[in-house]
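Residue numbers (this note's numbering): 31 to 359. Before any comments, here is the structure.
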Amino acid sequence: AASCSPVSGFGRAKGRRKAFHYFWDSSTYSPFESEDTMKEVIELLVKHVRPFKVGSREYTVVDDCVILEVARDLALPPWKVAGDGLEEGIVPLRYAKNLGALSTWEQARICRSCMLICGCGGLGGAIVHLAARLGFGRLVCVDPDKFVPSNANRQWFYFSFTDGKSKARSVAEFVEDINPLVAVNCMESRVSSDHLKGVDVVIDALDNVPDRVELARFCETRRLPLIHGAVRGWWGQVCTLISEHVRIMSEIYSESRGSGLEEELGVMAPVVSIVASIQVNEAVKIVAGQEPSYVLKLLYIDSEKGDFHVLPLTNVGFEAGGTSCKADI
Numbered sequence: 031a032a033s034c035s036p037v038s039g040f041g042r043a044k045g046r047r048k049a050f051h052y053f054w055d056s057s058t059y060s061p062f063e064s065e066d067t068m069k070e071v072i073e074l075l076v077k078h079v080r081p082f083k084v085g086s087r088e089y090t091v092v093d094d095c096v097i098l099e100v101a102r103d104l105a106l107p108p109w110k111v112a113g114d115g116l117e118e119g120i121v122p123l124r125y126a127k128n129l130g131a132l133s134t135w136e137q138a139r140i141c142r143s144c145m146l147i148c149g150c151g152g153l154g155g156a157i158v159h160l161a162a163r164l165g166f167g168r169l170v171c172v173d174p175d176k177f178v179p180s181n182a183n184r185q186w187f188y189f190s191f192t193d194g195k196s197k198a199r200s201v202a203e204f205v206e207d208i209n210p211l212v213a214v215n216c217m218e219s220r221v222s223s224d225h226l227k228g229v230d231v232v233i234d235a236l237d238n239v240p241d242r243v244e245l246a247r248f249c250e251t252r253r254l255p256l257i258h259g260a261v262r263g264w265w266g267q268v269c270t271l272i273s274e275h276v277r278i279m280s281e282i283y284s285e286s287r288g289s290g291l292e293e294e295l296g297v298m299a300p301v302v303s304i305v306a307s308i309q310v311n312e313a314v315k316i317v318a319g320q321e322p323s324y325v326l327k328l329l330y331i332d333s334e335k336g337d338f339h340v341l342p343l344t345n346v347g348f349e350a351g352g353t354s355c356k357a358d359i
């Protein structure tokens, strides 16, 4: 077994990992590699594998430090090395307990995928955290805003030391310590169509209807799956859009425009976590080749009553219980 003590540049600097973290640049890396390169990856990984049992199942696993070392030596991103290993049955130890629910093939697809997270506040921050732990190989985090004290009640990456700092950049920096095998691009701007290049799945964690509709238009044009989520007060909603994005998004919000309730209802942190978790669950299914649960359906969550409702996407512009999920965070 390989030792993961700080060697070859891996270590801690002022409590944070500084020596190696791959910030992905789509302009400098091609997803296509030769069979010889993949063979070389496997030859290097197999020298450091060991058995690891999860219940009655035994896997051949490898530690993060080995993947990072191989990535550095071959000038490959760590997510690519992890995906290649999984394809040959070599499991990054950090993903071993995803298996059973996922196959090694499905985990490899997740490792090789790119997720765009639009908004890095309450929903977006939770989504980034979950996606990084699950192993989504590339994360593009887009948010023009900075953290402020009123974010503290529900935004996972608000701390006293991130107050006043860029949400997108702060979230990206934390991914270093959550999962060093993940590559991150952070964009301190509003979402544009350019951000969708090279993306496999898009997450809507925005805070206003016009931006949501614009994002839906971008995704429809590029034929990308869009997973919508919103929270207000005790209530939340999730919907997965794979076609007719603009029509469906407009239908969802047809009766809630201008309701004026969003500032009065607050945002409950547990509801944020529920909605974010379901959005990431939908993304896992899409990327892994499974059928998502909420296509042409709106999941409406009433956590005050403890009710979950699945509404067909006809006449779903709603004010359930007098409460609109016009915006999330």
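Ideal Cβ placement from N, Cα and C applies to all residues, glycine included.
query                                                                                                                              : result
The region 228–244 / the region 126–134 touching (three or more Cβ pairs under 8 Å)                                                : no
Per-residue DSSP class, three states only, for phenylalanine 187                                                                   : coil
Proximity of valine 92 and isoleucine 120 at Cβ, strictly below 7 Å                                                                : yes
Beta carbon of alanine 5 nearer than 7 Å to that of alanine 306                                                                    : Nothing in the structure corresponds to residue 5, since the chain is present only between 31 and 359.
Distance between leucine 104 and glycine 115 (C-alpha atoms, nearest Å)                                                            : 14 Å
7 Å Cβ shell around serine 190 - same chain, five flanking residues per side excluded                                              : none
Status (buried if at least 16 other CB within 10 Å, exposed otherwise) for threonine 251                                           : exposed
Simplified DSSP state of tyrosine 89, which is helix, strand or coil                                                               : strand
Proximity to threonine 90 [Cα-Cα], best of Ala101, Gly113, Val100, Glu118                                                          : Glu118
Beta-carbon contacts of arginine 247 that lie in its chain and below 8 Å, excluding the five residues immediately before and after : His275, Val276
Separation of glycine 149 from valine 170, as counted between CA atoms                                                             : 10 Å
Of the listed residues Gly228, Glu218, Gly296, Val231, nearest to valine 172 (C-alpha basis)                                       : Glu218
First and last residue of the uninterrupted beta strand (DSSP E) at proline 342                                                    : 337–342
Nonlocal neighbours in the same chain, by C-beta distance under 6 Å from valine 261, ignoring five residues either side            : Val297, Val301, Val302, Val305, Asp358
Nonlocal neighbours in the same chain, by C-beta distance under 6 Å from valine 205, ignoring five residues either side            : Ala162, Val212, Val214
Residue(s) in a DSSP beta bridge with valine 121                                                                                   : Val91
Aspartate 237: first and last residue of the uninterrupted beta strand (DSSP E) it sits in                                         : Per DSSP, aspartate 237 belongs to no beta strand (DSSP E) and is neither H nor E.
Reduced DSSP category for tryptophan 265 - H, G, I as helix; E, B as strand; rest coil                                             : strand
Counted within 10 angstroms of its Cβ, other Cβ atoms place aspartate 66 as buried (16 or more) or exposed                         : exposed
Cα-Cα separation, serine 223 to isoleucine 282                                                                                     : 22 Å
Spatially closest choice to lysine 77 from Ile278, Ala202, Glu99, by CA coordinates                                                : Glu99
Per DSSP, cross-strand counterpart(s) of cysteine 4                                                                                : Limits of the chain in this structure are 31 at one end and 359 at the other, which puts residue 4 out of reach.
Interface flag, leucine 132 vs chain C, CB-CB below 7 Å                                                                            : In summary, chain C is missing from the structure at hand, where a single protein chain is found.
Proximal residues to alanine 138 (C-beta, below 7 Å), its chain only, five neighbours per side dropped                             : Gly113, Leu116, Glu117
Environment of valine 231 [buried if 16+ CB atoms lie within 10 Å]                                                                 : buried
Alpha-carbon spacing of proline 122 relative to glutamate 294, whole angstroms                                                     : 46 Å
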